[in-house]
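Asks: Residue numbering for the sequence shown follows UniProt numbering, starting at 1 and increasing by one per position.
I have a structure I would like to understand better, so I am pasting it below and will then ask my questions one at a time.
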Amino acid sequence: MPFAVIALIVLQKTLHLPVATRKVKVDWGGAVLISAAASLLLLWISFAGTDYDWLSWQTGAMVGGAAVPAAGRSS
Numbered sequence: 001m002p003f004a005v006i007a008l009i010v011l012q013k014t015l016h017l018p019v020a021t022r023k024v025k026v027d028w029g030g031a032v033l034i035s036a037a038a039s040l041l042l043l044w045i046s047f048a049g050t051d052y053d054w055l056s057w058q059t060g061a062m063v064g065g066a067a068v069p070a071a072g073r074s075s
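Below, the structure written as structure tokens:
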């Protein structure tokens, strides 16, 4: 049996942490903006070099377009 599995079993049996319950709030706007930024970067990586040059206006538009939503929810 691997050492990590034994360690997990021992932790399950011996580690008793207090349960802290609290009301949570999901930042839906931030989730949408970070998803949009990641999607634009993935599209850029997929298209650059095949459909258009790495240094082109399309690259600037996609990288700049990804930077705007990523910086939009910085606080």
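Glycine included, every Cβ here is placed at the ideal spot set by N, Cα and C.
A38 by DSSP, collapsed to three states: which one?
Replies: By one-based count along the sequence shown, residue 38 stands at place 38. In this structure, A38 counts as helix in the three-state DSSP scheme.
Asks: Can you give me the Cβ contacts of P69 inside the same chain, cut-off strictly under 6 Å, excluding the 5 residues immediately before and after it?
Replies: Within the sequence shown, residue 69 is the residue found at index 69, counting from 1. Counting only Cβ-Cβ distances below 6 Å, and skipping sequence neighbours, we find L33, A36 and A37.
Asks: Can you grab the Cα-Cα spacing for the pair Q12 / I6, in whole Å?
Replies: The residue given as residue 12 occupies position 12 in the sequence shown. The residue given as residue 6 occupies position 6 in the sequence shown. In a straight line, the C-alpha of Q12 is about 10 Å away from that of I6.
Asks: Among all the DSSP beta bridges, which residues are the ones paired with A48?
Replies: In the sequence shown, residue 48 corresponds to position 48, counting from 1. Per DSSP, Y52.
Asks: State the Cα-Cα distance for the pair A61 and L55, rounded to the nearest angstrom.
Replies: To locate residue 61, count along the sequence shown from 1; it is residue 61. To locate residue 55, count along the sequence shown from 1; it is residue 55. If you take the alpha carbons of A61 and L55, they lie about 11 Å apart.
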